[in-house]
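Going left to right, the sequence shown walks through residues 12 to 390 as the numbering used here numbers them.
Below is one structure; the comments refer to it alone.
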Amino acid sequence: MQDNPRALEILETLCRQPATSYFEDNVSREVERMLTDASIPWEQDDYGNIIARLTRRNESDPMPSRPVALVAHMDHPGFDVINVDGRRLTLKMLGRVSDVIYEQQVDLVVHCADGSSCAARTTGQDGDMESRVLYADLTQQNDLVLPAFAVFDLVDCEFRDNTVFARALDDLAGCAATLSVMETLAEENGPVDVIGVFTRAEEIGLIGARLLAATGSLPKETLVISIESSRTLPGAEQGNGPVIRVGDALSTFSQSAEEILQTARVTLQRRDPPIPVQRQLMSGGVCEASVFLAHGYDSTGVAFPLAHYHNGFGEDSIQAENITVSDFLGGVELLLEASRPIHVPDQETPGGAQSLYERLRQAPEEEGSRLRSIAQRAG
Numbered sequence: 012m013q014d015n016p017r018a019l020e021i022l023e024t025l026c027r028q029p030a031t032s033y034f035e036d037n038v039s040r041e042v043e044r045m046l047t048d049a050s051i052p053w054e055q056d057d058y059g060n061i062i063a064r065l066t067r068r069n070e071s072d073p074m075p076s077r078p079v080a081l082v083a084h085m086d087h088p089g090f091d092v093i094n095v096d097g098r099r100l101t102l103k104m105l106g107r108v109s110d111v112i113y114e115q116q117v118d119l120v121v122h123c124a125d126g127s128s129c130a131a132r133t134t135g136q137d138g139d140m141e142s143r144v145l146y147a148d149l150t151q152q153n154d155l156v157l158p159a160f161a162v163f164d165l166v167d168c169e170f171r172d173n174t175v176f177a178r179a180l181d182d183l184a185g186c187a188a189t190l191s192v193m194e195t196l197a198e199e200n201g202p203v204d205v206i207g208v209f210t211r212a213e214e215i216g217l218i219g220a221r222l223l224a225a226t227g228s229l230p231k232e233t234l235v236i237s238i239e240s241s242r243t244l245p246g247a248e249q250g251n252g253p254v255i256r257v258g259d260a261l262s263t264f265s266q267s268a269e270e271i272l273q274t275a276r277v278t279l280q281r282r283d284p285p286i287p288v289q290r291q292l293m294s295g296g297v298c299e300a301s302v303f304l305a306h307g308y309d310s311t312g313v314a315f316p317l318a319h320y321h322n323g324f325g326e327d328s329i330q331a332e333n334i335t336v337s338d339f340l341g342g343v344e345l346l347l348e349a350s351r352p353i354h355v356p357d358q359e360t361p362g363g364a365q366s367l368y369e370r371l372r373q374a375p376e377e378e379g380s381r382l383r384s385i386a387q388r389a390g
């Protein structure tokens with residue numbers, strides 16, 4: 012397994028920040044702090060999405076012909092506290108989790124705008140799946156002040172052997188990978204043009220990404236890589252490396268964007284030991300790559316195979332999510348290689364995916380001549 016303690020430190024730091032859609036402030040503050048500490052310029056758009064861009068020119072080396080954007084979202088399924096009546100809370104589900112939340116008593120942690128938190132437990136009754144409204148009781152009387160949100164009372168982050176368990180790996184693992192790549196590139200000397208995009212409210216309809224893409228905040232020539240922790244599937248299994256995501260439940264992604272990942276994959280396979288990388292269409296849901304694709308961007312994706320997706324969506328209990336450490340670190344290396352200028356299309360990479368595509372673009376004259384002769388005789 013490759014060694015990257017800083018990437019794991021970033022992951023743990025982010026996973027310890029509770030968040031859900033509309034309530035990403037804890038995560039965004041850490042993202043902004045780390046970008047600032049690394050001297051990486053960043054800004055917030057009107058919707059609270061964070062856009063960081065690292066651009067460096069070197070006269071002796073060519074600049075990348077197209078910028079690369081690494082996109083990940085800061086929210087995770089949770090609950091908006093919409094009413095307080097004594098100890099009884101009315102909750103609105105943000106995102107989707109297992110339907111057992113309407114039937115079982117599940118422990119929650121409620122977080123308030125003033126930074127305080129308290130414990131609660133769902134009632135397991137009287138909830139409405141259609142409106143996604145349910146109820147919980149505070150375990151102790153508390154002068155709860157709105158706005159407030161709730162998350163599952165699950166482990167923030169725990170490493171066990173080659174596995175990391177956390178409440179919200181979807182998509183804090185993607186945010187952590189993006190930060191790790193940008194920090195590493197910031198310490199190098201070569202030319203670079205990489206954009207880190209940290210979006211909000213993905214779980215309730217890809218809201219932050221849709222708003223950002225609609226404003227044209229990213230240059231139209233940008234190659235967009237959506238980074239997700241996505242449920243395991245055959246061909247996208249834990250322990251076999253990160254996944255080059257060729258599509259989602261809605262879209263087949265862009266070949267020109269995937270090309271930089273394929274070339275990076277070749278580089279990783281030549282290492283000693285080689286770093287495995289999978290390739291699969293991840294049909295479990297729609298990701299932010301489809302948003303940018305709809306707005307005319309060349310988009311692709313990378314996924315970390317995830318167990319207990321959305322804390323057990325479709326399962327009979329609420330559980331922490333988990334990914335393998337080796338898949339995560341392999342994904343960081345894949346994204347790092349893909350973000351370096353040598354892998355941007357229009358530059359020659361001998362033996363990589365680009366040379367294979369060049370071969371496919373060439374008409375095989377000798378074999379074509381034989382086929383032509385056979386066709387003429389048959390005619």
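C-beta atoms are modelled at their ideal positions from N, C-alpha and C, and glycine is treated no differently.
Beta bridge pairing from DSSP links Asp327 with no other residue. Runs of the alpha helix (DSSP H) spanning 4 or more residues and lying entirely within the segment 282–312 occur at 299–305, in chain order. According to the DSSP assignment, Phe34 belongs to no beta strand (DSSP E), since it is labelled neither H nor E. One Cα belongs to Phe170, the other to Asp181, and the distance between them is close to 16 angstroms.
Assigned with DSSP and collapsed to three states, Phe339 falls in helix.
Here DSSP, grouped into helix, strand and coil, assigns Leu165 to coil.
Short of 6 angstroms from the beta carbon of Glu114, and not among the five residues preceding or following it, lie these beta carbons of its own chain, in chain order: Gly135. When rounded, the separation of the alpha-carbon atoms in Glu299 and Leu234 is 13 angstroms. Fewer than three beta-carbon pairs drawn from the segment 49–59 and the segment 172–179 are found closer than 8 angstroms, and the two stretches are therefore not classed as touching. For the options Leu347, Arg143, Thr274, the alpha carbon positioned closest to that of Pro88 is the one of Arg143.
With a beta-carbon spacing of about 5 angstroms, Asn153 and Cys129 fall inside the 8 angstroms limit used to define contacts. If you ignore the 5 residues before and after Ala260, its C-beta comes within less than 6 angstroms of the C-beta of Ser294, Gly296, Val297, all in its own chain and listed in chain order.
Taking C-beta atoms as the reference points, Leu272 and Glu344 fail to come closer than 8 angstroms. The segment 230–247 makes contact with the segment 313–327: 3 or more CB pairs, one atom from each, lie closer than 8 angstroms. In the DSSP assignment, Leu102 forms a beta bridge with Val92, Leu145. Within 10 angstroms of the beta-carbon of Leu340 lie 16 or more other beta-carbons, which makes it buried. Taking a 10 Å sphere around the C-beta of Gln116, we find fewer than 16 other C-beta atoms and assign the residue as exposed. When DSSP states are grouped into helix, strand and coil, Gln115 belongs to the coil group. For Asp56, there is no enclosing beta strand (DSSP E), as DSSP gives it neither H nor E.
Separation of Gly258 and Leu292 (C-alpha to C-alpha, rounded to the nearest whole angstrom) is 5 angstroms. Annotated three-state conformation of Asn322 is helix, per DSSP. The continuous beta strand (DSSP E) containing Arg67 extends over residues 61–67. Around Val302, the same chain offers Leu217, Ala220, Arg221, Ala224 as residues with beta carbons nearer than 6 angstroms, after the five sequence neighbours per side are excluded. Just so you know, the alpha carbons of Leu183 and Phe90 end up roughly 18 angstroms apart. Following the DSSP letters along the chain, one finds Asp204 inside the beta strand (DSSP E) bounded by residues 203–210. Excluding the 5 residues flanking it on each side, Ala18 has same chain C-beta neighbours closer than 8 angstroms at Ala187, Ala188, Ser191, Phe339, Leu340, Val343, in chain order.
Ranked by Cα distance from Leu81, the first of Val95, Ser328, His122, Glu348 is Glu348.
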